[in-house]
Amino acid sequence: MKPAPLDYIRATSVAHAVQVLAENDGDGKVLAGGQSLVPLLAMRLSQPTVLVDLGGLGELSYIRDESGHVEIGAMVRARTVEISSLIADAVPLLPVALRHVGHVTIRNRGTVGGSTAHADPAAELPAVLRALDADVVVTGPSGSRTIGAADFFQGFLTTALAPDEIVTALRVPKSAPGTRVAVQEFARRHGDFAIVAVFAAVELGASGEIAAARIAVAGADQVPVRAAAAEELLAGQDPSPAVLRAAAAEVAGATRPFDDIHGTADYRKKITAVLARRCLEQALPTAERSSAA
Ligand SMILES: Cc1cc2nc3c(=O)[nH]c(=O)nc-3n(C[C@H](O)[C@H](O)[C@H](O)COP(=O)(O)OP(=O)(O)OC[C@H]3O[C@@H](n4cnc5c(N)ncnc54)[C@H](O)[C@@H]3O)c2cc1C
Numbered sequence: 001m002k003p004a005p006l007d008y009i010r011a012t013s014v015a016h017a018v019q020v021l022a023e024n025d026g027d028g029k030v031l032a033g034g035q036s037l038v039p040l041l042a043m044r045l046s047q048p049t050v051l052v053d054l055g056g057l058g059e060l061s062y063i064r065d066e067s068g069h070v071e072i073g074a075m076v077r078a079r080t081v082e083i084s085s086l087i088a089d090a091v092p093l094l095p096v097a098l099r100h101v102g103h104v105t106i107r108n109r110g111t112v113g114g115s116t117a118h119a120d121p122a123a124e125l126p127a128v129l130r131a132l133d134a135d136v137v138v139t140g141p142s143g144s145r146t147i148g149a150a151d152f153f154q155g156f157l158t159t160a161l162a163p164d165e166i167v168t169a170l171r172v173p174k175s176a177p178g179t180r181v182a183v184q185e186f187a188r189r190h191g192d193f194a195i196v197a198v199f200a201a202v203e204l205g206a207s208g209e210i211a212a213a214r215i216a217v218a219g220a221d222q223v224p225v226r227a228a229a230a231e232e233l234l235a236g237q238d239p240s241p242a243v244l245r246a247a248a249a250e251v252a253g254a255t256r257p258f259d260d261i262h263g264t265a266d267y268r269k270k271i272t273a274v275l276a277r278r279c280l281e282q283a284l285p286t287a288e289r290s291s292a293a
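Per UniProt numbering, residue 1 is the first one in the sequence shown, and the count goes up by one each step.
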């Protein structure tokens, strides 16, 4: 199939993009990397009357080291984030997670703003934003506002964005030095969307105890899930196998999975517990774990 007829406008600035969206009263769509939108247009699952291309907006293509957080412009490609040394040092969970997004050709085109706005519940980036309490900066006709990831992702492909707003940046808090990160993902084939994926960032204390843990799950709910009860259970504990197993059960308990052609809700819950345990084992050093066991 081919897309339904539409007008194509190449935005010259963020203000221009927002103006076109506002003028089209909810019938406009923003084009970023096109990796999700173009197939939807071709299948006519999305039929905007006007497509606003952000591709020329250099003002949205930057990675900035700010005090306490890193700011990533919406048009930065997933692959740019994945190979950035600034990101690797400041937010090590991001590159580890983004390596699981599709194939490198998709990451070369797909943008962080596009993945965030698309809000696929199985996507890696939204889950990382949720785990790390990142903010999404959005801009509309009346200016910019900042929305926490917990409020931004509202449902399946549904966000807090108004029809005349665009995502302009992500603000991701820096991780404490020495933070250990891990991602465990189950997908049918390399490059497929995850059926379930678990993301963890863990800080260790001076004696090898878990000082703080951040855990999120993709693919096991309509939105990325934060495993708060598991994080609380882990805080202050030695990373023994029993503690990690108990935390993994809490991670699965935080999800509200669904049945679809890839698996049942029950199956998703079971693999969430397995992936969560493996993820914590991967993040936590074996020596400390076995000496604490
Ligand atoms: C074969 C294949 C495999 C994939 N596998 C994965 C995977 O494993 N994990 C994963 O996370 N993703 C995967 N993707 C999706 C990929 O990551 C997309 O790049 C991403 O979801 C969308 O980013 P984009 O820049 O291409 O956005 P686009 O496709 O251009 O846009 C997607 C949606 O977001 C909106 N949008 C885009 N930018 C903005 C903005 N700045 N403000 C407001 N709205 C905006 C668009 O209007 C559209 O509704 C896969 C894609 C393909 C084709």
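Cβ coordinates follow ideal geometry from the N, Cα and C atoms, glycine included.
Predicted model, so just to flag it, every value in this text is computed and none were measured.
Compute the distance between the beta-carbons of residue 117 and residue 159, then report whether it is under 8 Å. To locate residue 117, count along the sequence shown from 1; it is residue 117. To locate residue 159, count along the sequence shown from 1; it is residue 159. Going by C-beta atoms, residue 117 is nearer than 8 Å to residue 159.
Close-in-space but distant-in-sequence residues of the same chain around residue 235 (CB under 8 Å, 5 per side omitted): Residue mapping note: residue 235 aligns to position 235 of the sequence shown, counting from 1. Answer for residue 235: 210, 211, 212 and 213, listed in chain order.
Using 7 Å as the cut-off, classify the Cβ of residue 45 as near or not near the heavy atoms of ligand 1, replying yes or no. Here the question's residue 45 lines up with position 45 in the sequence shown. For ligand 1, not one heavy atom lies less than 7 Å from the Cβ of residue 45.
Does the segment 216–225 come close enough to the segment 247–266 that 3 or more CB-CB pairs lie under 8 Å? yes
Give the range of the alpha helix (DSSP H) segment to which residue 114 is assigned. Start at 1 with the first residue of the sequence shown, and residue 114 comes out as number 114. Run containing residue 114: 112–118, per the alpha helix (DSSP H) assignment.
Does the Cβ of residue 195 have 16 or more other Cβ atoms within 10 Å, making it buried, or fewer, making it exposed? Here residue 195 corresponds to residue number 195 of the sequence shown, with the count starting at 1. The residue in question, residue 195, is buried, as its Cβ has 16 or more Cβ neighbours within 10 Å.
Alpha-carbon spacing of residue 74 relative to residue 112, whole angstroms: Here residue 74 is taken as the residue at index 74 of the sequence shown, counted from 1. Here residue 112 is taken as the residue at index 112 of the sequence shown, counted from 1. Each residue's alpha carbon lies about 6 Å from the other.
On the CB-based measure, 16 or more other CB atoms within 10 Å of its CB, does residue 104 come out buried or exposed? Stepping through the sequence shown from its first residue, residue 104 is reached at position 104. With fewer than 16 other Cβ atoms within 10 Å, it is exposed.
Under 8 Å, with one C-beta from each stretch per pair, do the segment 27–42 and the segment 80–90 reach the 3-pair mark? No, because fewer than three Cβ pairs between the segment 27–42 and the segment 80–90 fall closer than 8 Å, the two stretches do not touch.
Local Cβ density within 10 Å of residue 294, reported as buried at 16 or more and exposed below that: The structure shown does not extend to residue 294, since the chain spans only 1 to 293, so no value can be given for it.
Work out the CA separation of residue 188 and residue 164 for me, nearest whole Å. Here residue 164 is taken as the residue at index 164 of the sequence shown, counted from 1. Here residue 188 is taken as the residue at index 188 of the sequence shown, counted from 1. For residue 164 and residue 188, the distance between alpha carbons rounds to 37 Å.
Can you name the start and end residues of the alpha helix (DSSP H) that residue 127 belongs to? As a working mapping, residue 127 is identified with position 127 in the sequence shown. Counting along the chain, the alpha helix (DSSP H) containing residue 127 begins and ends at 124–131.
Distance cut-off 7 Å: residue 106 Cβ against heavy atoms of ligand 1: Along the sequence shown, one-based indexing puts residue 106 at 106. Indeed, a heavy atom of ligand 1 lies less than 7 Å from the Cβ.
Host beta strand (DSSP E) of residue 173 (start-end): On the sequence shown, residue 173 is found 173 positions in, with the first residue counted as 1. Residue 173 -> beta strand (DSSP E) spans 166–173.
Using 10 angstroms around the beta-carbon of residue 242, count the other beta-carbons present and answer buried if the total reaches 16, otherwise exposed. For the purposes of this step, residue 242 is taken as the residue at position 242 of the sequence shown. By the beta-carbon neighbour count (other beta carbons within 10 angstroms, threshold 16), residue 242 is exposed.
Kindly indicate which three-state DSSP category residue 195 falls into: helix, strand or coil? If you number the sequence shown from 1, residue 195 lands on position 195. Three-state result, residue 195: coil.
For ligand 1, any of its heavy atoms closer than 7 Å to the Cβ of residue 111? The count along the sequence shown starts at 1 and reaches residue 111 at position 111. Correct: residue 111 has its Cβ closer than 7 Å to ligand 1.
Pull up the DSSP beta-bridge partners for residue 185, would you. On the sequence shown, residue 185 is found 185 positions in, with the first residue counted as 1. In the DSSP output, where bridge partners are listed per residue, residue 185 has 197.
Boundaries of the beta strand (DSSP E) in which residue 231 is found, first to last residue: In the sequence shown, the residue the question calls residue 231 occupies position 231. Where residue 231 is concerned, there is no enclosing beta strand (DSSP E), although the alpha helix (DSSP H) it sits in stretches over 228–234.
Residue range of the unbroken beta strand (DSSP E) whose run includes residue 253: What you label residue 253 is simply residue 253 of the sequence shown in a count that begins at 1. Residue 253 -> not in any beta strand (DSSP E); alpha helix (DSSP H) instead, spanning 241–253.
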